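Novice: Just dropping this structure here.
2 protein chains.
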Amino acid sequence: MSERIGFVGLGIMGGGMTRNLLKAGFEVVVWNRTVEKANVLKEQGATVATSPRAVAESAGIVLICVSDTPDVRDVIFGEQGLVHGAKAGTLVVDHSTISPGETKRIANELDTKGIRIIDAPISGGPEGAANGTLSIMAGGDAADMDRAMPFFRAMGKSITHVGPVGAGQMVKAVNQTLVLGTTLGMAEALLLAQAGGLDLQKALDAVKDGAAGSWMLSNRGPQILDRDFRPGFTIDLLQKDIRLVLEAADELGVPLPGTSLIFQLYRTLQRAGDGGKGNHGLVLALERLAGFEIEKSLPTTDA
Amino acid sequence: MSERIGFVGLGIMGGGMTRNLLKAGFEVVVWNRTVEKANVLKEQGATVATSPRAVAESAGIVLICVSDTPDVRDVIFGEQGLVHGAKAGTLVVDHSTISPGETKRIANELDTKGIRIIDAPISGGPEGAANGTLSIMAGGDAADMDRAMPFFRAMGKSITHVGPVGAGQMVKAVNQTLVLGTTLGMAEALLLAQAGGLDLQKALDAVKDGAAGSWMLSNRGPQILDRDFRPGFTIDLLQKDIRLVLEAADELGVPLPGTSLIFQLYRTLQRAGDGGKGNHGLVLALERLAGFEIEKSLPTTDA
Numbered sequence: 007m008s009e010r011i012g013f014v015g016l017g018i019m020g021g022g023m024t025r026n027l028l029k030a031g032f033e034v035v036v037w038n039r040t041v042e043k044a045n046v047l048k049e050q051g052a053t054v055a056t057s058p059r060a061v062a063e064s065a066g067i068v069l070i071c072v073s074d075t076p077d078v079r080d081v082i083f084g085e086q087g088l089v090h091g092a093k094a095g096t097l098v099v100d101h102s103t104i105s106p107g108e109t110k111r112i113a114n115e116l117d118t119k120g121i122r123i124i125d126a127p128i129s130g131g132p133e134g135a136a137n138g139t140l141s142i143m144a145g146g147d148a149a150d151m152d153r154a155m156p157f158f159r160a161m162g163k164s165i166t167h168v169g170p171v172g173a174g175q176m177v178k179a180v181n182q183t184l185v186l187g188t189t190l191g192m193a194e195a196l197l198l199a200q201a202g203g204l205d206l207q208k209a210l211d212a213v214k215d216g217a218a219g220s221w222m223l224s225n226r227g228p229q230i231l232d233r234d235f236r237p238g239f240t241i242d243l244l245q246k247d248i249r250l251v252l253e254a255a256d257e258l259g260v261p262l263p264g265t266s267l268i269f270q271l272y273r274t275l276q277r278a279g280d281g282g283k284g285n286h287g288l289v290l291a292l293e294r295l296a297g298f299e300i301e302k303s304l305p306t307t308d309a
Numbered sequence: 007m008s009e010r011i012g013f014v015g016l017g018i019m020g021g022g023m024t025r026n027l028l029k030a031g032f033e034v035v036v037w038n039r040t041v042e043k044a045n046v047l048k049e050q051g052a053t054v055a056t057s058p059r060a061v062a063e064s065a066g067i068v069l070i071c072v073s074d075t076p077d078v079r080d081v082i083f084g085e086q087g088l089v090h091g092a093k094a095g096t097l098v099v100d101h102s103t104i105s106p107g108e109t110k111r112i113a114n115e116l117d118t119k120g121i122r123i124i125d126a127p128i129s130g131g132p133e134g135a136a137n138g139t140l141s142i143m144a145g146g147d148a149a150d151m152d153r154a155m156p157f158f159r160a161m162g163k164s165i166t167h168v169g170p171v172g173a174g175q176m177v178k179a180v181n182q183t184l185v186l187g188t189t190l191g192m193a194e195a196l197l198l199a200q201a202g203g204l205d206l207q208k209a210l211d212a213v214k215d216g217a218a219g220s221w222m223l224s225n226r227g228p229q230i231l232d233r234d235f236r237p238g239f240t241i242d243l244l245q246k247d248i249r250l251v252l253e254a255a256d257e258l259g260v261p262l263p264g265t266s267l268i269f270q271l272y273r274t275l276q277r278a279g280d281g282g283k284g285n286h287g288l289v290l291a292l293e294r295l296a297g298f299e300i301e302k303s304l305p306t307t308d309a
């Protein structure tokens with residue numbers, strides 16, 4: 007017998023995650039700010055609650071997947087927040103990407119009421135949420151992890167317990183920082199390749215399996231050559247994450263010169279109305295600085 | 007029957023490459039500025055010549071692997087340079103990493119004498135040179151490529167004909183630009199992870215197989231955690247390559263803000279006497295800016 011669980015926040019990520027929980031046979035009570043997204047899940051067997059408070063009244067574990075730090079605070083501590091319905095021993099699992107420092111402060115506040123929390127940000131995008139193949143980076147106590155694990159397994163493929171509460175958010179920040187550097191290198195490299203008159207496809211093929219290789223280059227490089235800037239992850243969402251990285255770094259006193267530069271470059275794209283494009287669109291900012299665009303060469307017969 | 011070949015420049019890379027050519031059964035005439043390195047190869051069957059000119063007099067194909075653009079010009083056009091011994095139809099293969107623009111100018115000068123050239127920079131480090139597993143990015147005519155291919159196969163694993171003369175150097179520049187972005191992202195991410203109190207090994211494990219993954223992270227990340235800054239590729243050699251990237255970008259009018267920043271960060275390490283460390287040592291520059299060092303956490307039993 008497994009516990010009944012709650013899910014708060016049924017956007018593109020949370021919706022897919024809830025579907026996988028239902029498919030795995032769990033009883034799920036859901037709530038979403040716009041009720042239509044909750045009602046859609048009724049057909050798959052979800053019970054729709056009228057508030058986060060109501061969710062917490064009927065479920066001992068409540069998963070959250072909302073946009074940003076204030077949204078998490080609101081569903082937990084707001085007028086109709088989880089805390090007003092939760093009992094001592096309720097476990098909150100926050101799948102949102104929010105501030106690591108704020109996560110620790112939330113954990114301390116919840117602790118005074120006997121409420122447990124795991125921060126468990128995710129990566130893998132909408133496809134990962136839909137297919138149950140997310141990466142989940144979780145921070146929390148070992149006993150709480152054991153309790154959450156059956157649900158994590160229904161939603162994710164790679165589940166790592168990275169440390170105490172807050173560590174999940176910090177690892178997510180580390181993850182995004184890595185992605186940013188790789189993306190900037192890719193953007194500058196492709197711009198140079200284009201200016202140098204290279205066949206970009208051949209150039210990619212020549213370097214992608216060596217020391218220059220990365221997930222970004224293998225997966226987003228070909229998209230850039232096709233000028234396909236549809237989002238796996240949007241610039242607007244990434245900017246929110248970079249802001250969290252830079253705030254965490256500021257709080258900790260760490261200089262991140264590359265990440266700062268990248269934030270400013272993405273800002274130019276948001277300013278130009280391109281915030282809805284995919285994060286590999288960083289190259290568009292450099293193209294505008296350079297005054298030319300990357301083009302995929304047509305196949306040629308010689309060399 | 008294959009042609010006799012020449013090899014000029016028997017450093018850590020050229021020495022290993024020549025050994026693999028000899029092992030594959032090719033007749034090799036060698037020259038090196040310091041003759042001791044040439045004499046060592048006598049035992050493996052190489053013939054030692056007294057100048058690049060003498061090499062070109064006795065071999066129809068001459069491979070070069072020296073440090074920088076002026077060295078290549080010197081072994082080709084110097085007083086005892088290849089051109090004075092070469093016949094029309096001689097093929098020069100330049101494995102050095104030098105300026106793409108200068109490569110084209112050298113090709114034009116050689117063309118007036120009926121001498122052919124392929125630019126074929128390599129990656130894979132001393133291990134790749136020793137084991138015959140280099141990546142070779144070659145620019146040149148298809149017929150010249152056919153002629154060089156048996157020798158490339160003896161030295162390399164991944165051989166890509168990337169375009170006309172100069173394209174090999176440009177692809178190498180693209181390769182290095184990619185490596186730089188990934189290295190900066192890794193350095194900033196590890197610094198943030200350390201400041202955030204993470205178990206760095208767990209953090210690496212949690213992110214390395216997802217969108218944040220790269221060759222650098224998988225191969226050099228663990229070295230950084232072990233504070234092992236022995237060079238696969240030194241900062242001093244990389245700075246030479248970054249200079250080539252920035253010069254090429256300047257010549258082509260391309261802005262590379264990230265690459266410029268990274269050049270300056272590596273400069274601080276050269277200034278501190280760390281130019282002989284491996285290129286993953288970029289993190290040391292950020293550590294000094296931050297005033298703390300990355301430490302690998304000891305294994306713990308909980309979490």
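Sequences listed follow chains G and R, in order. Take the first sequence: its position 8, counted from the start at 1, is 14 in this note's numbering, and no numbers get skipped. Take the second sequence: its position 105, counted from the start at 1, is 111 in this note's numbering, and no numbers get skipped. Each residue gets a CB set at the ideal place from its N, CA and C atoms; glycine is no exception. As the structure is a computational prediction, the values presented were derived from the model and not from experiment.
(1) Using a Cβ cut-off of 8 Å, pull out every chain R residue sitting near Asn137 (chain G), in sequence order please.
(2) Are the beta-carbon atoms of Pro156 (chain R) and Leu267 (chain G) separated by less than 8 Å?
(3) So the candidates are R:Asn137, R:Ser129 and R:Ala144; which of them puts its Cα closest to the Cα of Ile123 (chain R)?
(4) Can you tell me which of the three DSSP states Ala144 (chain R) falls into?
(5) Can you tell me which of the three DSSP states Lys246 (chain G) falls into?
(6) By DSSP's criteria, Trp221 (chain G) is part of a beta bridge. Which residues make up the other side?
(7) Are the beta-carbon atoms of Thr240 (chain G) and Gly191 (chain G) separated by less than 8 Å?
(8) Can you give me the start and stop residues for the alpha helix (DSSP H) that Asp117 (chain R) sits inside?
(9) Which of the three DSSP states, helix, strand or coil, is assigned to Thr139 (chain G)?
(10) Should His90 (chain G) and Arg111 (chain G) be called a contact, given that it needs their Cβ atoms to be closer than 8 Å?
(11) Using a Cβ-Cβ distance under 8 Å, would Ala149 (chain R) count as near chain G?
(12) Going straight from the alpha carbon of Met19 (chain R) to that of Cys71 (chain R), what length do you get?
(13) Using the C-alpha atoms, what's the distance from Ile11 (chain R) back to Phe235 (chain G)?
(14) Between the stretch 201–223 of chain R and chain G, which residues of the former have CB atoms less than 8 Å from a CB of the latter, in chain order?
(15) Determine whether the beta carbon atoms of Ala160 (chain R) and Leu198 (chain G) lie at a separation below 8 Å.
(16) On the criterion of 16 or more Cβ atoms from any shown chain inside 10 Å, does Ala278 (chain G) qualify as buried, or is it exposed?
(17) For chain G, find out if any of its Cβ atoms is closer than 8 Å to the Cβ of Pro106 (chain R); answer yes or no.
(18) Assign Phe13 (chain R) to one of three DSSP states: helix, strand, or coil.
(19) Got a sec? Which residues, its chain only, sit under 8 Å from Arg25 (chain G) by beta carbon, not counting five neighbours each side?
(20) Where does His286 (chain G) fall in DSSP's three states?
(21) Report the CB separation of Leu252 (chain G) from Tyr272 (chain G) in whole angstroms; it is logged as a contact under 8 Å.
(22) Could you tell me whether the Cβ atoms of Gln200 (chain R) and Glu301 (chain R) are closer together than 8 Å?
(23) Mind checking if Val289 (chain R) is an interface residue toward chain G, Cβ cutoff 8 Å exclusive?
(24) I need the boundaries of the beta strand (DSSP E) containing Arg122 (chain G), first residue and last residue.
(25) Thinking Val260 (chain R) and Ala296 (chain G) are a contact (beta carbons under 8 Å), I'd like their distance in whole angstroms, please.
(26) Which chain G residues are close to Ser129 (chain R), counting only those with a beta carbon under 7 Å from its beta carbon?
(27) Determine the direct distance from the alpha carbon of Ala173 (chain R) to that of Ala193 (chain R), and round the result to whole angstroms.
(28) Using the C-alpha atoms, what's the distance from Ala179 (chain G) back to Glu257 (chain G)?
(29) Please report how far the alpha carbon of Asn225 (chain G) lies from the alpha carbon of Ser105 (chain G), in whole angstroms.
(30) With 9 Å as the limit, tell me which residues of the stretch 184–201 of chain R have their beta carbon closer than that to any beta carbon of chain G; keep them in chain order.
(31) For Thr240 (chain R), which residues does DSSP report across the bridge?
(32) Just verifying my parser: in three-state terms, what is the DSSP assignment at Val89 (chain G)?
(33) List the residues of chain G that Asn181 (chain R) touches, going by C-beta distances under 9 Å, in chain order.
(34) Just the Cα atoms here: how many angstroms apart are His101 (chain G) and Thr109 (chain G)?
(35) Let me know the secondary structure DSSP gives Gly169 (chain R) once reduced to three states.
Specialist: Let me spell this out:
(1) The count along the first sequence starts at 1 and reaches residue 137 (chain G) at position 131. Neighbours of Asn137 (chain G) on chain R: none; closest Cβ ~14 Å, over 8 Å.
(2) Residue numbering aside, residue 156 (chain R) sits at position 150 when the second sequence is read from its first letter. Residue numbering aside, residue 267 (chain G) sits at position 261 when the first sequence is read from its first letter. No.
(3) As a first step, residue 123 (chain R) is located in the second sequence; it is residue number 117 there, counting from the start. The shortest Cα separation from Ile123 (chain R) among R:Asn137, R:Ser129 and R:Ala144 belongs to R:Ala144.
(4) Reading the second sequence from its first residue, position 138 is the one you call residue 144 (chain R). It is a strand residue.
(5) Taking the first residue of the first sequence as position 1, residue 246 (chain G) is located at position 240. Helix, per DSSP.
(6) Indexing the first sequence from 1 puts residue 221 (chain G) at position 215. Residue pairing for Trp221 (chain G): DSSP places it in no beta bridge.
(7) Here residue 240 (chain G) is taken as the residue at index 234 of the first sequence, counted from 1. Here residue 191 (chain G) is taken as the residue at index 185 of the first sequence, counted from 1. The answer is no: Cβ separation not under 8 Å.
(8) Counting from one through the second sequence, the residue named residue 117 (chain R) turns up at place 111. Element bounds for Asp117 (chain R): Pro106 to Asp117.
(9) Position 133 of the first sequence, counting from 1, holds the residue named residue 139 (chain G). Thr139 (chain G): coil per DSSP, three-state reduction.
(10) For the purposes of this step, residue 90 (chain G) is taken as the residue at position 84 of the first sequence. For the purposes of this step, residue 111 (chain G) is taken as the residue at position 105 of the first sequence. In this structure, Arg111 (chain G) does not lie closer than 8 Å to His90 (chain G) by Cβ.
(11) On the second sequence, position 143 is the one that residue 149 (chain R) refers to. Cβ-Cβ to chain G under 8 Å: no for Ala149 (chain R).
(12) For this step, residue 19 (chain R) is matched to residue 13 along the second sequence. For this step, residue 71 (chain R) is matched to residue 65 along the second sequence. Their backbone Cα atoms lie some 7 Å apart in a straight line.
(13) As a first step, residue 235 (chain G) is located in the first sequence; it is residue number 229 there, counting from the start. As a first step, residue 11 (chain R) is located in the second sequence; it is residue number 5 there, counting from the start. Spanning the two alpha carbons is a distance of roughly 48 Å.
(14) Ala201, Gly202, Gly203, Leu204, Asp205, Lys208, Ala209, Asp211, Ala212, Val213, Asp215, Gly216, Ala217, Ala218, Gly219, Ser220, Trp221, Met222 and Leu223
(15) Your numbering for residue 160 (chain R) matches position 154 in the second sequence. Your numbering for residue 198 (chain G) matches position 192 in the first sequence. Judged by beta-carbon spacing, Leu198 (chain G) lies beyond the 8 Å limit of Ala160 (chain R), meaning their Cβ atoms are not closer than that value.
(16) Position 272 of the first sequence, counted from the first residue, corresponds to residue 278 (chain G). Its Cβ having fewer than 16 others within 10 Å, Ala278 (chain G) is exposed.
(17) Stepping through the second sequence from its first residue, residue 106 (chain R) is reached at position 100. Cβ-Cβ to chain G under 8 Å: yes for Pro106 (chain R).
(18) Position 7 of the second sequence, counted from the start, is the residue given in the question as residue 13 (chain R). In the structure shown, Phe13 (chain R) sits in a strand (DSSP, three-state: E or B).
(19) The residue labelled residue 25 (chain G) in the question sits at position 19 within the first sequence. Within the same chain, Leu47, Gln50 and Ala136 come within 8 Å of Arg25 (chain G) by CB-CB distance, once the 5 residues on both sides are set aside.
(20) The residue labelled residue 286 (chain G) in the question sits at position 280 within the first sequence. Looking at His286 (chain G) - three-state DSSP - the assignment turns out to be helix.
(21) Position 246 of the first sequence, counted from the start, is the residue given in the question as residue 252 (chain G). Position 266 of the first sequence, counted from the start, is the residue given in the question as residue 272 (chain G). No, Leu252 (chain G) and Tyr272 (chain G) are not in contact; Cβ-Cβ is about 12 Å, not under 8 Å.
(22) In the second sequence, counting from the first residue as 1, residue 200 (chain R) sits at position 194. In the second sequence, counting from the first residue as 1, residue 301 (chain R) sits at position 295. Yes. Within cutoff.
(23) If you number the second sequence from 1, residue 289 (chain R) lands on position 283. Chain G contact via Cβ: absent.
(24) Against the first sequence, residue 122 (chain G) aligns to sequence position 116. Where Arg122 (chain G) is concerned, the enclosing beta strand (DSSP E) stretches over Arg122 to Asp125.
(25) In the second sequence, residue 260 (chain R) corresponds to position 254, counting from 1. In the first sequence, residue 296 (chain G) corresponds to position 290, counting from 1. The Cβ separation is near 5 Å, so the contact holds.
(26) As a working note, residue 129 (chain R) is residue 123 in the second sequence. Going along chain G in sequence order, the residues near Ser129 (chain R) (Cβ under 7 Å) are Gly216 and Ala217.
(27) Numbered from its first residue, the second sequence carries residue 193 (chain R) at position 187. Numbered from its first residue, the second sequence carries residue 173 (chain R) at position 167. Using only the alpha carbons, I get a separation of about 30 Å.
(28) Along the first sequence, read from residue 1 onward, the residue named residue 257 (chain G) stands at position 251. Along the first sequence, read from residue 1 onward, the residue named residue 179 (chain G) stands at position 173. Cα to Cα, the separation comes out at about 13 Å.
(29) Counting from 1 along the first sequence, the entry for residue 225 (chain G) is found at position 219. Counting from 1 along the first sequence, the entry for residue 105 (chain G) is found at position 99. Distance between the alpha carbons of Asn225 (chain G) and Ser105 (chain G) is about 28 Å.
(30) Leu184, Val185, Leu186, Gly187, Thr188, Thr189, Leu190, Gly191, Met192, Ala193, Glu194, Ala195, Leu196, Leu197, Leu198, Ala199, Gln200 and Ala201
(31) In the second sequence, residue 240 (chain R) corresponds to position 234, counting from 1. Answer is R:Gly284.
(32) Sequence index remark: in the first sequence, residue 89 (chain G) carries index 83 (1-based). If DSSP states are grouped into helix, strand and coil, Val89 (chain G) belongs with the helices.
(33) Indexing the second sequence from 1 puts residue 181 (chain R) at position 175. Result: Ala195, Ala209, Ala212, Val213, Gly216, Ala217 and Ala218.
(34) Taking the first sequence and counting its residues from 1, one reaches residue 101 (chain G) at position 95. Taking the first sequence and counting its residues from 1, one reaches residue 109 (chain G) at position 103. Answer to the nearest angstrom: the Cα atoms are 11 Å apart.
(35) Here residue 169 (chain R) refers to the residue found at position 163 of the second sequence. Gly169 (chain R) falls in the strand class under three-state DSSP.
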